[in-house]
Structures are given as C-alpha cells and as structure tokens.
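J.:
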Amino acid sequence: MLVSRGARTSAHPARTRHRPRARGLSGDPVELRQALTAVAIALLPAAAAAQVERFAVVVGNDQGQPPDAALLYAEADASRVAAMLQEVGGVRPENLVLLRGQDAGTVRRTLIAVNDRVRAAGRQAMLTVYYSGHADSGALHLGASSLELPELEQLVRGSAATFRLLILDACRSGALTRVKGGAPIPPFDIRLGERVAGEGAVFLTSSSASEDSQESDEIKGSFFTHALVSGLLGAADANGDGRVTLDEAYRYAYETTLRTSSRSVAGIQHPTFEYEVRGMGDFVLATLDANAPTRAWVELPAGRTWLLFQGSQEGSVVGEIGARDRSRRLSLRAGRYFARGRAPDVLLEGSFDAPAGAALTLDESRLERTEYARLVRKGGGGVRAVASVEAEGRLRSSLMDGSGICPGAAVGMAVALRSLTLKPRVGWCRAASSNPGIEATVDQYDLEISASHVRDLRVVSVELGITVGGALLVQRFRTQGIAPSRTTAALQLSPTVGIARDVGQRGYVFLLGSASTYLVRSEDSATSRSSFGPTFALRLAMGAGVRL
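Residue numbers (my numbering): 151 to 698.
Written out as structure tokens, the structure reads:
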C-alpha cells in the first residue's frame, strides 16, 4: 500500500499521507549544474576513510502538528538508517544518537552536544544528520514543537566536522535547496580519479520544494529512505568494488524514488541535491565488507524485483534490488530472511538463512511460486486484479424438441478479483435436425457473463458460479414447401462448476459444466400459437486461457 506523508488522499493501489514544506537557502542553480560534474560527491579521500571519525544524529517522529496526519514509518525509517550507519557506514555506536518521537528541544541539545564532541575529537570528521517526519515551509514538526529550518541549517553548517551531510525525508523538503541552487536533477557523472581532500556540506532531500514525500505499506517505510538504505547496503554499488560513494547513493536513490513514486496517485517525487564544497574526492558513505565476520553477501537473481524482510514476511524490510538494477548483491547482517520476488507473471516467496561470512546466491527453485491470479484471491502482494483471455470449445444438449446437439465455440475474458472471478464472453453453436420432407438448422448466438468463486488447491483450482445472459436462436429450414426462417430471443440462467490447471508461466486449461435454464418463446406448428416457457439443457466446455 502506498502512503504519502501528511494529509490523507486516496492512491492506487493504496492510500497516501503527505509531509509538508521546508524553507530554502540562497544561490544560483546554473552554478550548481556546472559544478556537479567536477565534484566527486565525496569530499574526503577514500584512502583516508579509516582515519575519519564519523558521527551521526538520526531523528524520526511519526507525530506532527494539526492538521498533520500521524505517519506510520518515520520512526522506523530512522531506526533503519541508524542501523545501516553502524553496520556499513563506519559510525561507531558511541558516536551515533538515535532520537525517536523526541521534541525540538531534545534534538537541538543533541546536535549541540554532538558538535562539541566533533570539535573535541581534533581530527577530520564527518557529521551525518538525518530527519524523517513532518515539516512545513519553515520548520520541522517534532510533535507539538518545531525546529526552525534556519536554526537546523546553522547547527549543521556550523559544525566543526570537515564534511557535513544533512538528509531530510519530509514533504517539500526540497525547499531547503531551492534558493541556494539545488534542483531535482537527474544522476550526474563524477570524475572518479580525483583524490584531493576537501571539506564542505551536502544537503540531500527526498522531494522538491513543491512535492510530497511518500511512504509505502508494502516496504514499510518511505520511498526515499528505503531506496537510500538499499543503495548503501549494496544496490547502489554500480562498479562492484564493495564501496558505495555519495555519487552512487544519490544516483540510485534518485532513480529508484522516481520509479516507485511514479506508480502512486500522489505523484512523482524528485530527490534534490545541493552542496557547498572545497576540494574534490571520492567520498565513501558505505564500506560493504565492514564487519565482514558478522555479515553475509546475498546475490539476487536478475529480471525480478526483490524485497528482503528481516526474519519473516511480517518483519521489517531490510533492502530491495530492482529488476533492472546493475548490482545484484546486498550486504546483510547474518540471520534469517524472507525473500519476495516479483516477475511479470508470478510472485516468488520463501525464507533463507544467511550465515556469517557467507556469500550466497538465492535459489529460486526453493521458493514458493504463486501465479498472480491465485495471489489476488489470497489478498496478498498488492495485486488487485488479474485479467486473462480465454477461448473454448463447447457442446450443448438439445434445447428444443428434435433440435439436436449443438457444438460451438466461445471467446471472452476472465478477471480474477479477491472474492469473485468475472467472465464475460460471446459464443456460438449450430444444431441440425432432419425429418421426412424437412431439414432444419438452429444457430445460437450467446452473450453472457458469469461470476464464480474460485478455490485454489495445490495442483488445480475449482470454481462454482452462476451465468446469466441472452441468446438469439435463428432457425432455417430446407423443404419443398414454404418455411420461412424464424428468429427467437431467450434468457439464460446457468449454475456452473469448473476445474482449471496452470500450464507454463502464464497459461492454463479448464473444463466447465453447466445446467442451463432458458426462457424461450416456442411456437406450435399445428396451431401457429406461440408461448413463453422454460426449457433445459446441459453444456460442457473445454478451453484454455492466457494471463495478460
């Protein structure tokens, strides 16, 4: 389910909440674009990364101020970021402060105290400040309290750290970079050969100045933070060197946030970037072989989008690899995980263990495969409907005295919903009869729709339903006398029962039986009188379908 942080709106396939606006800095957007290709988004040399003392203040608050709607995952996002910074980001536990649900005064005092520790360290340092929650055009909303954006900016910019990184995951947070010269720009090229020490500040925001930041029930977090954390765990490691630079992280977060938010009704959100920097370098945000004895490498098969959950499918989302992502590996803490992979036609799910120090490839053959039609009926995976096209051959018993068996065919669609499967279709059959002196044919044209409840068993699916529709019966005669053709309309009501089995990745075959009652006008040839009445017939159909 997709959720945008703040005021509730409806979104397909789920609801959204919105996070409000944050104020901007001053500057020139042209200057930013010209400089981006020369800044290696890493201001301290990679070779010196081990000598850089890293500090972090991570803040999350689900509560805002009226009329802010309570968020579901802002504090959970903060916990994920804090864990990632310790595991692969090089931040020691004593240098990290995680604040969940705290007010502005606590955040202010914490930033001042951490800045004092940075100053006392007396060495090159990096300070990361992350916020997830509500904001407006001038302040962060921390419950009933507010932290003004100018004050936050001053606390970060005034730190003694050589490199300061501020990450805001809040609605309209791009206002922080708008005036200064930041913009929702696409990924940019970095000259990776530079190794010159530098210093400065970088600001990353989850959306532009006029956009909402969104969170999702499926990933149990915000689009932007989810993409950023996944990227820093390995999904953004485009060159496979086991390190994720700020360039790679921003590139991955930008593209992934753009892609996932494009499917929500709340609209596309564009992460933004703004910097103030002296010097260049290749700054590493995450070292994926850090704490190697306690971690595992997991490689995920290509061509599918994978979500990994901690422990079970009810656990927190650890990371994601997109179907088109170049890097297929994630660095994970040793433990048990649940994998969910999405292909165009099937969902793959299952648990696996990632032992400490291991490098493993997820084996799809050991995962449970669920066709999307079955997934809809289970009510899982965010899939609401699956459509198929079907064709069948059918055989109907005699409808009127002496009309004979009626073989024919039908085509239509099947739309699988959670509780019902709907099948509109058109059909035709022809029956023939012969008596001394006269031969007759009856063409029947059907327009019908059925509604059925399907129960999925291990190998097959069985269905029980009802069909309603209309029929047009056209009788033609061959005789030595005069016998004009007759056209008769009829109404149809048929209980149906069927069985189906999947064939291949998208196909299936089925067998349907029905006992039909027709309300039809009949004519007595002797008296030329006509009357309406019921008549009965059995019908058997065999066919195949392909899911779209």
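Beta carbons are placed, not taken as given, at the ideal position from N, Cα and C, and that holds for glycine.
#1: Which stretch, first to last residue, makes up the alpha helix (DSSP H) that contains Tyr487?
#2: By the three-class DSSP mapping on this structure, what secondary structure does Ile369 have?
#3: Among the residues of its own chain, which have a CB less than 8 Å from the CB of Gly453, if the five just before and after it don't count?
#4: Relative to the C-alpha of Leu450, which residue among Ala665, Val561 and Arg476 is closest?
#5: Since Gln625 sits in a beta bridge, which residues does DSSP pair it with?
#6: Taking Met563 as the reference, which of Ala388, Ala535 and Val247 has the closest Cα?
#7: Can the beta-carbon of Thr130 be found less than 9 Å from the beta-carbon of Val434?
#8: Taking just the CA atoms, how far does Gly577 sit from Glu521?
#9: State whether the region 623-641 contacts the region 565-580, with contact taken as three or more CB pairs (one from each stretch) at a distance under 8 Å.
#10: Alpha carbon to alpha carbon, what distance is there between Val257 and Arg651?
#11: Starting from the C-beta of Ser501, find all residues in its chain whose C-beta is less than 8 Å away, skip the five residues before and the five after it, and write them out in chain order.
#12: Can you tell me whether Ala263 is buried or exposed? The criterion is at least 16 other CB atoms within 10 Å of its CB, across all chains shown.
#13: Going by DSSP, what residue range makes up the beta strand (DSSP E) through Asp503?
#14: Where DSSP assigns a beta bridge to Asn585, which residues make up the other side?
#15: Go through its chain and collect everything with a Cβ distance to Ser296's Cβ below 7 Å, but skip five positions before and after it.
#16: Here's the rule I'm using: 16 or more other beta-carbon atoms within 10 Å means buried, otherwise exposed. How should Met234 be labelled?
#17: If you draw a straight line from the C-alpha of Gln594 to the C-alpha of Gly554, how long is it?
#18: Would DSSP call Thr444 helix, strand or coil?
#19: Taking DSSP as the reference, what is the three-state secondary structure of Arg269?
#20: Could you tell me the alpha carbon to alpha carbon distance between Phe338 and Leu517, rounded to whole angstroms?
#21: Going by C-alpha to C-alpha distance, which of Gly657, Gly695, Phe373 and Leu302 sits closest to Ala560?
#22: What does a CB cutoff of less than 6 Å around Thr637 pick up in its chain, not counting 5 residues either side in sequence?
#23: Are the beta-carbon atoms of Ser672 and Leu643 separated by less than 9 Å?
#24: Under 8 Å by Cβ, that's how I've got Thr646 and Ile599 pegged, so tell me the actual separation to the nearest angstrom.
#25: What span of residues does the beta strand (DSSP E) with Glu542 cover, start to end?
#26: Using the Cβ count rule (16 or more neighbours within 10 Å means buried), how would you classify Arg376?
#27: At the level of alpha carbons, what is the spacing between Ala271 and Gly350?
#28: Where in the region 379-403 do unbroken runs of the beta strand (DSSP E), each at least 3 residues long, occur, reported from the N-terminal end onward?
#29: Tell me, please, which residues DSSP counts as bridged to Met692.
#30: Under DSSP, the alpha helix (DSSP H) around Ser477 begins and ends at which residues?
#31: Could you tell me how far apart the beta carbons of Ile649 and Val612 are, in whole angstroms, since I believe they sit closer than 8 Å?
#32: Residues in the same chain with beta-carbon distance under 7 Å from Ala200, minus the five sequence neighbours each way, listed in chain order, please.
#33: Ala440: which of Arg483, Leu688, Leu248 and Ile588 sits nearest, CA to CA?
#34: If you draw a straight line from the C-alpha of Gly239 to the C-alpha of Thr437, how long is it?
T.: Walking through what the data contain:
#1: The residue given as residue 487 occupies position 337 in the sequence shown. No alpha helix (DSSP H) holds Tyr487; the beta strand (DSSP E) holding it covers Gly485 to Arg492.
#2: Looking up residue 369 in the sequence shown gives position 219. Coil, per DSSP.
#3: If you number the sequence shown from 1, residue 453 lands on position 303. The residues are Ala473 and Ala493.
#4: What you label residue 450 is simply residue 300 of the sequence shown in a count that begins at 1. With distances taken between Cα atoms, Leu450 lies closest to Arg476.
#5: Start at 1 with the first residue of the sequence shown, and residue 625 comes out as number 475. Answer by DSSP bridge pairing, in chain order: Val592 and Arg636.
#6: The sequence position of residue 563 within the sequence shown is 413, counting from 1. With distances taken between Cα atoms, Met563 lies closest to Ala535.
#7: Because residue 130 is not part of the residues shown, which for the chain are 151 to 698, the question remains open.
#8: Against the sequence shown, residue 521 aligns to sequence position 371. Against the sequence shown, residue 577 aligns to sequence position 427. Using only the alpha carbons, I get a separation of about 28 Å.
#9: no
#10: Translated into the one-based positions of the sequence shown, residue 651 becomes position 501. Translated into the one-based positions of the sequence shown, residue 257 becomes position 107. Cα to Cα, Arg651 sits roughly 59 Å from Val257.
#11: By one-based count along the sequence shown, residue 501 stands at place 351. Hits under 8 Å: Ser462, Arg486, Tyr487, Phe488 and Ala489.
#12: Mapped onto the sequence shown, residue 263 falls at position 113. Per the 10 Å Cβ criterion, exposed.
#13: Position 353 of the sequence shown, counted from the first residue, corresponds to residue 503. Unbroken beta strand (DSSP E) run through Asp503: Val496 to Ala504.
#14: The residue labelled residue 585 in the question sits at position 435 within the sequence shown. Its beta-bridge partners are Ile588.
#15: Within the sequence shown, residue 296 is the residue found at index 146, counting from 1. Only Ala254, Ala289 and Leu290 meet the Cβ criterion.
#16: Residue 234 sits at position 84 when you count from the first residue of the sequence shown. So Met234 ends up on the buried side.
#17: Here residue 594 refers to the residue found at position 444 of the sequence shown. Here residue 554 refers to the residue found at position 404 of the sequence shown. The straight-line gap from Cα to Cα measures roughly 12 Å.
#18: Taking the sequence shown and counting its residues from 1, one reaches residue 444 at position 294. Looking at Thr444 - three-state DSSP - the assignment turns out to be helix.
#19: What you label residue 269 is simply residue 119 of the sequence shown in a count that begins at 1. DSSP places Arg269 in helix when its eight states are reduced to three.
#20: Working through the sequence shown from its first residue, we reach residue 338 at position 188. Working through the sequence shown from its first residue, we reach residue 517 at position 367. Caution applies to Phe338, whose pLDDT of 36 falls short of 50 and renders its modelled position unreliable; the model cannot decide the point.
#21: The residue you call residue 560 lines up with position 410 of the sequence shown. The option with the nearest alpha carbon to Ala560 is Gly695.
#22: Here the question's residue 637 lines up with position 487 in the sequence shown. Cβ within range, chain order: Val624.
#23: To locate residue 672, count along the sequence shown from 1; it is residue 522. To locate residue 643, count along the sequence shown from 1; it is residue 493. Taking 9 Å as the Cβ cut-off, Ser672 and Leu643 do not qualify as a contacting pair.
#24: Indexing the sequence shown from 1 puts residue 646 at position 496. Indexing the sequence shown from 1 puts residue 599 at position 449. Their Cβ separation, rounded to whole angstroms, is 12 Å, which puts Thr646 and Ile599 out of contact at 8 Å.
#25: Against the sequence shown, residue 542 aligns to sequence position 392. Counting along the chain, the beta strand (DSSP E) containing Glu542 begins and ends at Val536 to Arg546.
#26: Within the sequence shown, the letter at position 226 stands for residue 376. Just to set this straight, residue 376 is His in the shown sequence, not Arg. Looking at its Cβ environment, which holds 16 or more other Cβ atoms inside 10 Å, His376 is buried.
#27: Within the sequence shown, numbered from 1, the residue matching residue 271 stands at position 121. Within the sequence shown, numbered from 1, the residue matching residue 350 stands at position 200. Taking the straight line joining both Cα atoms gives about 18 Å.
#28: 393-395
#29: Position 542 of the sequence shown holds residue 692. Paired residues: Gly543 and Leu661.
#30: The residue labelled residue 477 in the question sits at position 327 within the sequence shown. It is not in any alpha helix (DSSP H) - Ser477 carries neither H nor E in the DSSP assignment.
#31: Along the sequence shown, read from residue 1 onward, the residue named residue 649 stands at position 499. Along the sequence shown, read from residue 1 onward, the residue named residue 612 stands at position 462. Yes, they are in contact, since the Cβ atoms of Ile649 and Val612 sit about 5 Å apart, within 8 Å.
#32: Against the sequence shown, residue 200 aligns to sequence position 50. Model confidence at Ala200 stands at a pLDDT of 47, short of 50, so the residue's coordinates are unreliable; what they give is reported in the following sentence. Taken in chain order, the list of residues that qualify is empty.
#33: Your numbering for residue 440 matches position 290 in the sequence shown. That would be Arg483, whose Cα lies nearest to the Cα of Ala440.
#34: In the sequence shown, residue 239 corresponds to position 89, counting from 1. In the sequence shown, residue 437 corresponds to position 287, counting from 1. Taking the straight line from one Cα to the other gives about 6 Å.
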